[in-house]
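Take any residue in the sequence shown, count from 1 to its spot, add 1236: that is its number in my numbering.
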Amino acid sequence: MDRQQISRLAHAHPPIAAPLDDDSVRRLLAQAVPGDGARVLDLGCGGAEWLLRALTGHPRLTAEGVDVSVSALDHAREAAARLGVADRLTLHHEDAARFVAPHGFDLVLCVGSTHAFGGLPATLAAAREHLAPGGRVLVGDGFWEREPSPEAVESLGDLDDLPTTLDRVVADGWTPVGGHISTRRELDDYEWAWTGALAAWALDHPADPDRAQALETATAHRDGWLRGYRDCLGFLCLVLRPTDT
């Protein structure tokens, strides 16, 4: 079982691959989508859940998603067909960091996928290249709520605290116009869903040759969360506009 398949199974419930509940997603989209006729891009879209929700809420919106996972993109196509929005959704199977479009976008999203670019600053630099005049960026990434352990840093990388994260975003030429800091409930619900969905799949498929790996991965992830980063990791979403337009 490869990493992409594990991620798809672990993010089955809920399909938003980030610690955000439905109300938070709805509010962020309301802040970020600049209008019904907007053109939206999601870099590292996974199953394109952000785009699907934006499309169903805005009947003239068009969207494009980029991801390296074939199975996630296939799932997105099936969901788009069920929702009746497939004609307004274009999906690209490629590395989000190498994606080039012939036009700009009114909203560029990257929530929980900044690792594809090597971190938040590089993600924002890439998003700027795709942004149409007057456009916005919706980005989501982790931060340290308190001093992390060496194990947490090894697992999740060298993140900043919340004030430093905002300072660096502003210094990089962005102005926050909206955002959300995930609650403890959202963070815990996400981790329980991630480990629970993967473990449940393994228990439901006792004869599958990947069963043992799925259970081991779920157990290792849960252990890393509870013993490593639960007490120090936060998650921040920002709606940004370029300061100099």
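Beta carbons: idealized from backbone N, C-alpha and C, even for Gly. The model shown is predicted, which means the values in this text are computed figures rather than measured ones.
1) Would residue 1248 pass as a contact of residue 1433 if the rule is Cβ separation under 8 Å?
2) Can you list, in chain order, the residues of its chain whose CB lies under 8 Å from that of residue 1405, leaving out five sequence neighbours each side?
3) Do the segment 1264 to 1278 and the segment 1436 to 1453 meet, that is, are 3 or more Cβ pairs less than 8 Å apart?
4) Buried or exposed for residue 1455, please, with buried defined as at least 16 other CB atoms from any protein chain shown within 10 angstroms of its CB.
5) Rounded to whole angstroms, what's the CA-CA distance from residue 1376 to residue 1382? Just pull it up for me.
6) Can you tell me the Cα-Cα spacing of residue 1422 and residue 1464, whole angstroms?
7) Specify, as a first and last residue, the run of the beta strand (DSSP E) that residue 1257 falls within.
8) Please name the residue in 1428, 1339, 1379, 1351 whose C-alpha comes closest to that of residue 1399.
9) Grab me the residues of residue 1401's own chain with a C-beta within less than 6 Å of its C-beta, minus the 5 sequence neighbours each way, in chain order.
10) Expressed to the nearest angstrom, what Euclidean distance is found between the alpha-carbon atoms of residue 1367 and residue 1410?
11) Looking at residue 1268 and the ligand NAD, is the gap between the Cβ and the nearest heavy atom below 7 Å?
12) Among 1252, 1470, 1275, 1290, which has the Cα closest to the Cα of residue 1420?
13) Am I right that residue 1274 and residue 1297 are in contact with their C-beta atoms under 8 Å? What's the rounded C-beta distance?
14) Closer than 8 Å by C-beta to residue 1372: which residues in its own chain qualify, once you throw out the five before and the five after it? Chain order, please.
15) How many angstroms separate the CA atom of residue 1387 from the CA atom of residue 1350?
16) Between which two residues does the beta strand (DSSP E) containing residue 1328 stretch?
17) Can you find the residues in the same chain that come closer than 8 Å, C-beta to C-beta, to residue 1295, ignoring five residues on each side of it along the sequence?
18) Go through its chain and collect everything with a Cβ distance to residue 1570's Cβ below 6 Å, but skip five positions before and after it.
19) If you follow the alpha helix (DSSP H) that residue 1322 is in, where does it begin and where does it stop?
20) If you draw a straight line from the alpha carbon of residue 1277 to that of residue 1335, how long is it in whole angstroms?
21) Return the first residue and the last residue of the beta strand (DSSP E) that residue 1297 is part of.
22) Identify the residues that DSSP records as bridge partners of residue 1335: which are they?
23) Once DSSP output is grouped into helix, strand and coil, what is the label at residue 1242?
24) Sort 1313, 1243, 1331 by Cα distance to residue 1323 and report the nearest one.
Concretely, from the data shown:
1) By the CB criterion at 8 Å, residue 1248 and residue 1433 fall inside the cutoff.
2) Taking C-beta separations shorter than 8 Å and ignoring five residues to either side along the sequence, the partners of residue 1405 in its chain run 1356, 1360, 1412, 1474, 1476, following chain order.
3) At 8 Å Cβ cutoff, the stretches do not touch.
4) Burial call: exposed.
5) About 18 Å.
6) Taking the straight line from one Cα to the other gives about 18 Å.
7) Note, residue 1257: premise wrong, no beta strand (DSSP E); not H, not E.
8) Closest by alpha carbon: 1379.
9) Apart from the 5 residues on each side of it in sequence, residue 1401 sits with its Cβ closer than 6 Å to the Cβ of 1379 in its chain, given in chain order.
10) Distance between the alpha carbons of residue 1367 and residue 1410 is about 13 Å.
11) Ligands displayed in this structure: none; no statement on the ligand NAD is therefore possible.
12) Out of 1252, 1470, 1275, 1290, the CA that lies nearest to the CA of residue 1420 is found in 1470.
13) Sure, about 5 Å apart at Cβ, within 8 Å.
14) Cβ-Cβ distances below 8 Å link residue 1372 to 1268, 1270, 1342, 1343, 1344, 1413, 1475, 1476, 1477 in the same chain, with the five nearest sequence neighbours on each side left out; the list follows chain order.
15) Take the alpha-carbon of residue 1387 and the one of residue 1350: they are about 20 Å apart.
16) Run containing residue 1328: 1325 to 1329, per the beta strand (DSSP E) assignment.
17) The residues 1272, in chain order, have a CB closer than 8 Å to that of residue 1295 in the same chain once the five nearest residues on each side in sequence are set aside.
18) Only positions 1237 to 1481 of the chain appear in the structure, and residue 1570 is not among them; the question remains open.
19) Run containing residue 1322: none; DSSP gives neither H nor E here.
20) Spanning the two alpha carbons is a distance of roughly 11 Å.
21) First-last for residue 1297: undefined, no H or E at that position.
22) Residue 1335 is bridged by DSSP to nothing; it lacks a bridge partner.
23) Shown here, residue 1242 sits in a helix according to DSSP, grouped into three states.
24) Of the candidates 1313, 1243, 1331, the residue whose Cα lies closest to the Cα of residue 1323 is 1313.
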